[in-house]
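**Q**
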Amino acid sequence: MQVLERSDELAEIAQSLQRSGNRVGLVPTMGFLHRGHLSLVERARTECDSVVVTIFVNPLQFGEGEDFDVYPRDVQGDLTKLEDAGVDFVFVPTVEQMYPEPVAAGVSGATATTVLVRGISELWEGASRPGHFEGVATVVAKLFALVGRCRAYFGDKDYQQLLLIRRMARDLLFPVEVVGCSTIREPDGLALSSRNVRLSGPERRAACVLSRALLDGARDVQSGETRPRSVVEKMQRIVLGEPLASLEYAAAVDAWTLEVPEKLVGDVRLIIAARVGSVRLIDNVGVIAPTTAEVSRIQQGTFGVCSVEDRELEPVEATVLVGVGQAGEQASGVAGVKSNHQVNRQER
Ligand code: AMP
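Next up, the structure:
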């Protein structure tokens, strides 16, 4: 495994790999790697000839008062994990390599050129964290520009980010295929995140309230609830019941536009952001709303919950909950049944 610190080295290596016909897999990360990141690496490993992982805590995507300074870092530990995972190249640039002009977390306007993906950047995470997605899109565009033709792997865990990057790659004509990968979870449903290490013991136990709320909300959608408000109220109630958590937003949205529809139909995404102690966590889950005919069959008891196997609609490798028990009762409930349908539909 070769560790690169200079952007020109990365560009040169990527070009020579492409010239010799290698399919390059790119996995951008902010480090402090866990099994979620490694699942992206594994997928890249199986689908590509050479795997490039990047580790960069990008100051531009952190707002004022956010956790840039305390974001967990362990580059040596990360390199050992990546070596074990069979990665070929790891790019660990300095801030100066990525940003020729000085930039700092929480300071906007420090760099003249940024990438703004209008619309999607303004919703949910974008509204909660002004400037965040501009920082994300800018750094990912730089990585795409350096690496060139590749398959780039991103997690469903950051679903809005995944949609945004897919959109940016398309709009800016990057020769990059953006691949979405399923969320990896702890046995109690908590989505793996580098930030989880900052949770105290009681906060860690409380943190599974996010996945519990998503699971219950998704179950309602699967049972035929089509009113976004009712699903959101259920999610809110569950989070309210956890004293260590404070909800920032919970929503039931169209999986393609992230807007709240009048009625939940087709691909639905339930999204949530909450603080547990001082740690801000996000999570989401995909669910396919049953058709009216299916709902009436569910109500008559002649149809279970919707089956995913024969559907082609999921925008990413969505998580669909099928026949799970009580929230929290079945540890892997949120992971549920995953469909492996390829992205085969244009964004609306
Ligand atoms: P980060 O280091 O948090 O920027 O994450 C780097 C990549 O790993 C992003 O594409 C994330 O969506 C993805 N990722 C983070 N957590 C998970 C998880 N629990 N399961 C799958 N992918 C994840």
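Count along the sequence shown from 1, add 1194, and you get the number used in this note's numbering.
The C-beta atom is built at its ideal place from N, Cα and C for all residues, glycine as well.
Keep in mind the model is a prediction, meaning the values are calculated, not measured.
1) When you measure from the CB of residue 1434 to every non-hydrogen atom of ligand 1, does any distance come out below 7 Å?
2) Whose C-beta lies closer than 6 Å to the C-beta of residue 1265 among residues of the same chain, with five residues either side of it excluded?
3) Return yes when the Cβ of residue 1401 is within less than 8 Å of the Cβ of residue 1589, no when it is not.
4) Identify the residues that DSSP records as bridge partners of residue 1196: which are they?
5) Is the closest heavy atom of ligand 1 to the C-beta of residue 1240 under 7 Å?
6) Using a Cβ-based criterion (distance less than 7 Å to any ligand heavy atom), does residue 1395 qualify as near ligand 1?
7) Out of curiosity, what's the CA-to-CA distance linking residue 1298 and residue 1488?
8) From 1370, 1367 and 1404, pick the residue whose C-alpha is nearest to that of residue 1379; which is it?
9) Enumerated in chain order, which unbroken segments of the alpha helix (DSSP H) with a length of 4 residues or greater are wholly contained in the segment 1278-1351?
10) Beta-carbon within less than 8 Å of residue 1434's beta-carbon, same chain only, minus the 5 sequence neighbours each way: which residues are those?
11) How big is the Cα-Cα spacing for residue 1325 and residue 1414?
12) Going by DSSP, name the residue or residues bridged to residue 1475.
13) If you run the structure through DSSP and keep just helix, strand and coil, what is residue 1220?
14) Using three-state DSSP, classify residue 1213 as helix, strand or coil.
15) State the CB to CB distance for the pair residue 1549 and residue 1338, rounded to an integer number of angstroms; the pair is presumed to be in contact (CB under 8 Å).
16) Using CA atoms only, rank isn't needed, just tell me which of 1438, 1426 and 1372 is closest to residue 1396.
17) How far does the beta strand (DSSP E) with residue 1417 in it reach, from first residue to last?
18) Could you give the distance in angstroms between the alpha-carbon of residue 1200 and the alpha-carbon of residue 1282?
19) Any chance the CB of residue 1381 is under 7 Å from a heavy atom of ligand 1?
20) Express the C-alpha separation of residue 1349 and residue 1451 in angstroms, rounding to a whole number.
21) For a test of the three-state rule: what should DSSP assign to residue 1449, helix, strand or coil?
22) For residue 1316, tell me which candidate among 1329, 1485, 1376 and 1306 has the shortest Cα-Cα distance.
23) Report the partner residues of residue 1373 according to the DSSP bridge assignment.
**A** To lay it out plainly:
1) As a working note, residue 1434 is residue 240 in the sequence shown. No, the Cβ of residue 1434 stays beyond 7 Å of every heavy atom of ligand 1.
2) Sequence index remark: in the sequence shown, residue 1265 carries index 71 (1-based). Annotation for residue 1265: 1251 place their beta carbon closer than 6 Å to its own, counting only its chain and skipping 5 residues before and after.
3) Given that the chain is displayed from residue 1195 to residue 1542, the structure contains no residue 1589 and the question cannot be resolved.
4) To locate residue 1196, count along the sequence shown from 1; it is residue 2. According to DSSP, residue 1196 bridges with 1283.
5) Looking up residue 1240 in the sequence shown gives position 46. The answer is no for residue 1240.
6) Working through the sequence shown from its first residue, we reach residue 1395 at position 201. For ligand 1, not one heavy atom lies less than 7 Å from the Cβ of residue 1395.
7) Start at 1 with the first residue of the sequence shown, and residue 1298 comes out as number 104. Start at 1 with the first residue of the sequence shown, and residue 1488 comes out as number 294. Straight through space, the alpha carbons of residue 1488 and residue 1298 are spaced by roughly 52 Å.
8) Residue mapping note: residue 1379 aligns to position 185 of the sequence shown, counting from 1. With respect to the C-alpha of residue 1379, the residue from 1370, 1367 and 1404 having the closest C-alpha is 1404.
9) The segment 1278-1351 contains, as complete alpha helix (DSSP H) runs of 4+ residues, the segments 1289-1292, 1319-1322 and 1326-1341 (chain order).
10) Here the question's residue 1434 lines up with position 240 in the sequence shown. Once the five neighbours on either side are set aside, the close Cβ partners of residue 1434 are 1441.
11) As a first step, residue 1325 must be located in the sequence shown, where it is residue number 131. As a first step, residue 1414 must be located in the sequence shown, where it is residue number 220. Rounded to whole angstroms, residue 1325 to residue 1414 spans 34 Å at the Cα level.
12) Stepping through the sequence shown from its first residue, residue 1475 is reached at position 281. Within the DSSP bridge table, the entry for residue 1475 names 1468 as partners.
13) The count along the sequence shown starts at 1 and reaches residue 1220 at position 26. Of the three classes helix, strand and coil, the one that applies to residue 1220 here is strand, per DSSP.
14) The count along the sequence shown starts at 1 and reaches residue 1213 at position 19. Helix, per DSSP.
15) No statement about residue 1549 is possible, as the shown extent of the chain runs from 1195 to 1542 and does not include it.
16) As a first step, residue 1396 is located in the sequence shown; it is residue number 202 there, counting from the start. Taking only the C-alpha atoms, the option nearest residue 1396 is 1438.
17) What you label residue 1417 is simply residue 223 of the sequence shown in a count that begins at 1. Per DSSP, residue 1417 lies in no beta strand (DSSP E) segment and is marked neither H nor E.
18) For the purposes of this step, residue 1200 is taken as the residue at position 6 of the sequence shown. For the purposes of this step, residue 1282 is taken as the residue at position 88 of the sequence shown. Approximately 16 Å between the Cα atoms of the pair.
19) If you number the sequence shown from 1, residue 1381 lands on position 187. No - ligand 1 has no heavy atom lying nearer than 7 Å to the Cβ of residue 1381.
20) One-based indexing of the sequence shown puts residue 1451 at position 257. One-based indexing of the sequence shown puts residue 1349 at position 155. When rounded, the distance between both Cα atoms is 18 Å.
21) As a working mapping, residue 1449 is identified with position 255 in the sequence shown. Residue state, collapsed to three classes: coil.
22) Numbered from 1 along the sequence shown, position 122 holds the residue referred to as residue 1316. Out of 1329, 1485, 1376 and 1306, the CA that lies nearest to the CA of residue 1316 is found in 1329.
23) If you number the sequence shown from 1, residue 1373 lands on position 179. Answer is 1347.
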